[in-house]
Structures are given as C-alpha cells and as structure tokens.
Amino acid sequence: MCRHQNHHLSALLPVEEEEEKKGKHAGGLSTRGRGERSSNGSGDEGKRGWGSRVAHTKNHRRRSFSTKIPSGLKSLVERQIPDEISRLKALKQNYGNEKVGEVTVNMIMGGMRGILGLLYETSLLDANDGIRFRGLTIPELQEKLPGKRGQEPIPEALLFLLLTKKVPTEHEVEDLRVDLMGRAEKFANECSKDKNKKNVFDVLRALPEETHPMTQLSTACLAMQNDSQFSKMYASGTMKKTEYWKYIYEDALDLIAKLPVVAAFIYKRSCVKEAARKSSDVPTVDASLDLAANFSQMMGFPSNECKELMRLYYTIHADHEGGNVSAHATHLVGSALSDPYLSFSAGLNGLAGPLHGLANQEVLKWLKEVQHALKGDYSTETVKKFVENTLKSGRVVPGYGHAVLRRTDPRYECQREFALKYMRDDELFQLVSRLYEIVPDVLKATGKVQNPWPNVDAHSGVLLQHFGIKEENFYTVMFGVSRSIGCLSQLILSRAHGYPIERPKSVTSACLEEKFK
Ligand SMILES: CC(C)(COP(=O)(O)OP(=O)(O)OC[C@H]1O[C@@H](n2cnc3c(N)ncnc32)[C@H](O)[C@@H]1OP(=O)(O)O)[C@@H](O)C(=O)NCCC(=O)NCCS
Numbered sequence: 000m001c002r003h004q005n006h007h008l009s010a011l012l013p014v015e016e017e018e019e020k021k022g023k024h025a026g027g028l029s030t031r032g033r034g035e036r037s038s039n040g041s042g043d044e045g046k047r048g049w050g051s052r053v054a055h056t057k058n059h060r061r062r063s064f065s066t067k068i069p070s071g072l073k074s075l076v077e078r079q080i081p082d083e084i085s086r087l088k089a090l091k092q093n094y095g096n097e098k099v100g101e102v103t104v105n106m107i108m109g110g111m112r113g114i115l116g117l118l119y120e121t122s123l124l125d126a127n128d129g130i131r132f133r134g135l136t137i138p139e140l141q142e143k144l145p146g147k148r149g150q151e152p153i154p155e156a157l158l159f160l161l162l163t164k165k166v167p168t169e170h171e172v173e174d175l176r177v178d179l180m181g182r183a184e185k186f187a188n189e190c191s192k193d194k195n196k197k198n199v200f201d202v203l204r205a206l207p208e209e210t211h212p213m214t215q216l217s218t219a220c221l222a223m224q225n226d227s228q229f230s231k232m233y234a235s236g237t238m239k240k241t242e243y244w245k246y247i248y249e250d251a252l253d254l255i256a257k258l259p260v261v262a263a264f265i266y267k268r269s270c271v272k273e274a275a276r277k278s279s280d281v282p283t284v285d286a287s288l289d290l291a292a293n294f295s296q297m298m299g300f301p302s303n304e305c306k307e308l309m310r311l312y313y314t315i316h317a318d319h320e321g322g323n324v325s326a327h328a329t330h331l332v333g334s335a336l337s338d339p340y341l342s343f344s345a346g347l348n349g350l351a352g353p354l355h356g357l358a359n360q361e362v363l364k365w366l367k368e369v370q371h372a373l374k375g376d377y378s379t380e381t382v383k384k385f386v387e388n389t390l391k392s393g394r395v396v397p398g399y400g401h402a403v404l405r406r407t408d409p410r411y412e413c414q415r416e417f418a419l420k421y422m423r424d425d426e427l428f429q430l431v432s433r434l435y436e437i438v439p440d441v442l443k444a445t446g447k448v449q450n451p452w453p454n455v456d457a458h459s460g461v462l463l464q465h466f467g468i469k470e471e472n473f474y475t476v477m478f479g480v481s482r483s484i485g486c487l488s489q490l491i492l493s494r495a496h497g498y499p500i501e502r503p504k505s506v507t508s509a510c511l512e513e514k515f516k
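For the sequence shown, numbering that gives the first Met the number 0 gives the first residue as 0, with consecutive numbering after it.
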C-alpha cells in the first residue's frame, strides 16, 4: 500500500522554520513554491503499490512566491488549492481510465470490503502498518508536531497538518489555537448571556436527561445548523463553486470549537452521577488552553495528567482514513453540499453504532462483566472460557477485530504506553493486558475472524476510568468530538478540490444471478 511523505515533511520542516524566522512567509510556504512542495510532499504519496500510478505532473507549473504571504491556516489552504486541483486534474487526464482493482461478488455482498472507491487525503490506513496521518505514524506525530503543552501533541497541530499536509511551525499552531479558542469562547459567552435567544443548550435541556449522550451530541449538531454560513450563502444564490470551501472552512472551524463545549455540557448534565457536579450551565471556556485541555477542564478534570490523556485521545481518534462509517457518512452527506453541521451529524450517527464508535462503551461494560464474573481469577482457562461464552451467546468481543487492520492497532499500543507511564498498577489496566494475552487465540480458533487483535476501543475506556471519567455511555461522545478534526478537514478539502456528489451504483441480487447464468 501507499507509504507517505513523512521523510519529505521532516525534510521541509527546518527550511520552513528557518524562513519563518527570517520573516519570509508567515503562512509556512517555502519560497521554493507550491508546485515543488506538492511534488515533494503529497505528490509522492503513492510511490509504492498501486499508488505508484499517481501522476508526476509533468505539466505542473512550479511557481515561486516573492510577494508577501498573509499568515494563517485559511490563507495557506487557499494558496495550496490551485496546485492541488491541477495535480488532481493531471491524475485524471493521465490515468483516468486505468484500473486500480476489481470488484467481486464477495466484495459487493461483504459490505464493500476492499473496494477502492473513495478519494480521501487526510490519512491512510495500511493493514499492517496502521494509520498514517499525512504520512506520519502516531509516534511520529508525537515526536514532530509542535505547539506541545505537555508531551502529547495538541489537536490544533494535527488539524493544521491534516488540512495542509505540512507540519506547522510553533507560530502557526498558536495562531490556530487562538482562533479556535476564540470561537469557542464567543460561542459559550453568547449562549450563556443572551437569555432571550433560544440556543443549542435550550434544545439539550429539553431532552430527557437519560437520552443517550451520542443522540444528544448529534441533536446538538443539528440544532446549531442554523449558524451555518455555507447554507446561508448557498441559499443567497451569490456563491460561486470556487468559494464553497471558504464557508465550509468557517463552519468546520466553528463546529470543531463548539463541539467540546456542547459535549462538556452533556457530560455534566446527563452523565455525572454526583448531584454536586450536575449542571445546566453553559461551560466556561478558558481561552488560554488548547482545545483538548479546555475540554478536560470543562468536564471537571483540570489535572495535567487528564489534559494529557485528552490530547492523546484527540490525536488517536481524529481520523482513520475515509471508508470507516463516521468518515464515510460525513463525506457522503457532504458531497450533496449539505453543510458541515448536517454532514458531521450523519457521521456521529454512524459513530454511535456498537460495531463502530460505541464499541468503546461496550468494552467497558464487558470488562465490568468479566470483573464481576471472575472475581480476580484471571487464569488462562477461566478467562478463555468467559470469552468463549461471550461468543456462544452470539455477541462479538468488543474492542477486538477490524475491517482493515491485520495487526494490533497502533492506537491500542500508544494507549498501552500511556498506561504504563501513568497507571501501571491499575487493576482494570492489568485485566486489559491479561485479555490481550488470551483473546486473540480464542478469536483465531473460530476460524472466521480476520483480525483477532485489539483495536483502539479495547483500551481507551480503561484510561478514562482511571482518571475519573467513569461514565462509559459518554465515551463515544469523546470519540465524536475528536473525530471532528479528521472528518471536517476532509470536508473542507473535498469542497476546495471540487469533488462531485457521491453516487455509487447498486445492483439487485437478481442482477448478479442473471449475470452468471
Ligand atoms: C470491527 C468489526 C465490525 C469488523 O467486521 P468485519 O470486517 O466484518 O470482520 P471480519 O471480516 O473479521 O468478520 C468475519 C466474522 O468474524 C466475526 N468477528 C469479527 N470480529 C469479531 C469479534 N471481535 N468478536 C466476535 N466475532 C468477530 C464477524 O462478526 C464475522 O462473523 P460472521 O461471518 O458470523 O458474520 C468486527 O471485528 C467487530 O464486530 N468487532 C467488535 C466491535 C468493535 O470492536 N468495533 C470497533 C472497531 S474499531
């Protein structure tokens, strides 16, 4: 499968930082010009595997920037658009009729598994390597992304990388952090001050407290749709197609800033058992923090360790290429020019399914069942029997298996590292580690599970439990908040690069039978 441009990114970084110091460009583009970056950066993404057919754009003009470049993520995205579009055009022109794979009846009947059918730029999943974000593995993100306030990257830096395929400078991360926190603060202040104007928090207050937190988050997303600049502009009939992305960008950044505030509200109102922490107030945003730290603080967990956990959580849940249910649903709905609020709400509804994001809640429930039933006897035989009984009862083992991965999920591995650092002696962590030794063999023995190894959800809840976030029905909300970074980055790029409406062809089973008669 395609590897990426990580070596190119690291090669670019010193030059760009150097140039930023010299004040040559605030937005981070080197004076070597966009074309050169494009070719040395993402243009190289597909050098191996079937991706080797990615066009090397012969006709692709390299241009240099000598004029002053305005700062900020949005202007960098804007400056990258022409080259990205001409790269895509060349790809179509040169290779538009080349085949990249075959479709079998099994693929059609097996949930489209393995069918190549989506263009998705922000990340790529390899069955054996795991996820790469613009070419960088999770450990590489942890090492290279600037703007850290502890040891883990902050979501702002990742958002910048996903949108631009460029490792940002410290200055660029800070710029974006200030932008996003400003949006969050303005949103929270407006909603808490103007008592006469109904807002999303009133909508949430009208729901029964026991409404599942994911239903509340998705509802909130829709309730905020009235704020969409894109849909207002579209309705005005004055917006050109080349301008779509600008309003999608504004909506996307607004939504990324608002979601943690809304989620913290849902947590305090609906999830926390202790009456003292229950609250119907709009959370207070601390604009000096990063998105993740502020989310943790708004939920009532201001410790540095919990903020670090939230940063790690954001990073590893942000994106997992385009075919997973939440990313694909957001992408699909967005392709109809539904705005980011409508599109991401669709993604959240998919994330709320137990085979996708809700698995993290299911894992916790199941771990508690194991604890309750085995009462500390975690011998191989006893645990094996429990797992077998789970399968016999017709359930899946939550947190294990994957549609694409064929190894232990790197997102599991880095959470394990985190646990070893901060909570080595935690009882539940030890149970999770014990299960890792036993479950894969039980799943292999079924003879049908393609990937017997743990995925991201097998570990995340245990970390949250340790730091006091005990309410497992909230876990998928945290996943959803984090996933906004990936899904909404791609949504901006999809409109910026003029992707068409998505409309695959379906067949009836009778058509297939007829074909092979
Ligand atoms: C993630 C998941 C949905 C992928 O599904 P998939 O691509 O169809 O996986 P496979 O091709 O390996 O499935 C083949 C069979 O093994 C079963 N299987 C896969 N993972 C399993 C698990 N963890 N426990 C029990 N059975 C499992 C499937 O249900 C399927 O059974 P069937 O043929 O009777 O329908 C699946 O592994 C799963 O249900 N895992 C548990 C839920 C989970 O952790 N989800 C989060 C994913 S990040």
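C-beta atoms are modelled at their ideal positions from N, C-alpha and C, and glycine is treated no differently. Note that the coordinates shown come from a computational prediction; the quantities given were computed from them, not determined experimentally.
Element boundaries [alpha helix (DSSP H), containing residue i]
i, result
"residue 417", "409-421"
"residue 500", "It is not in any alpha helix (DSSP H) - residue 500 carries neither H nor E in the DSSP assignment."
"residue 485", "474-495"
"residue 82", "72-94"
"residue 182", "169-192"
"residue 235", "228-235"
"residue 125", "Here residue 125 belongs to no alpha helix (DSSP H); instead the beta strand (DSSP E) covers 122-125."
"residue 323", "Counting along the chain, residue 323 falls outside any alpha helix (DSSP H), and DSSP gives it neither H nor E."
"residue 313", "303-316"
"residue 391", "379-391"
"residue 213", "212-222"
"residue 464", "456-465"
Residue i, buried or exposed, once every other Cβ within 10 Å from all chains shown has been counted against 16
i, result
"residue 42", "Low local confidence applies: a pLDDT of 31 at residue 42 is under 50, so the model's placement there is unreliable, and no value is given."
"residue 132", "buried"
"residue 479", "buried"
"residue 380", "exposed"
"residue 515", "exposed"
"residue 475", "buried"
"residue 155", "buried"
"residue 506", "exposed"
"residue 40", "Caution applies to residue 40, whose pLDDT of 32 falls short of 50 and renders its modelled position unreliable; the value that the coordinates give is listed next. Label assigned to residue 40: buried."
"residue 450", "buried"
"residue 490", "buried"
"residue 207", "exposed"
Distance between residue j and residue i (C-alpha atoms, nearest Å)
i, j, result
"residue 502", "residue 255", "27 Å"
"residue 234", "residue 336", "12 Å"
"residue 392", "residue 244", "49 Å"
"residue 213", "residue 364", "17 Å"
"residue 295", "residue 146", "18 Å"
"residue 442", "residue 230", "47 Å"
"residue 467", "residue 459", "13 Å"
"residue 49", "residue 367", "Its pLDDT being 32, under 50, residue 49 is placed unreliably in this model, and the value from its coordinates should be taken loosely. About 44 Å."
"residue 509", "residue 431", "46 Å"
"residue 504", "residue 185", "44 Å"
"residue 150", "residue 138", "12 Å"
"residue 172", "residue 512", "55 Å"
"residue 409", "residue 338", "32 Å"
"residue 198", "residue 414", "37 Å"
"residue 267", "residue 307", "20 Å"
"residue 311", "residue 284", "20 Å"
"residue 362", "residue 352", "13 Å"
"residue 191", "residue 225", "18 Å"
"residue 498", "residue 407", "34 Å"
"residue 397", "residue 88", "43 Å"
"residue 297", "residue 290", "10 Å"
Proximity test, residue i beta-carbon vs ligand 1 heavy atom, cut-off 7 Å
i, result
"residue 454", "yes"
"residue 246", "no"
"residue 482", "no"
"residue 360", "no"
"residue 127", "no"
"residue 395", "yes"
"residue 400", "yes"
"residue 388", "no"
"residue 354", "yes"
"residue 449", "yes"
"residue 442", "yes"
"residue 112", "yes"
Bounding residues of the beta strand (DSSP E) (the contiguous stretch that carries residue i)
i, result
"residue 109", "Note, residue 109: premise wrong, no beta strand (DSSP E); not H, not E."
"residue 131", "129-132"
Cutoff 8 Å: residue i Cβ touching any chain D Cβ
i, result
"residue 478", "The chain inventory of the structure shown lacks chain D, comprising one protein chain alone."
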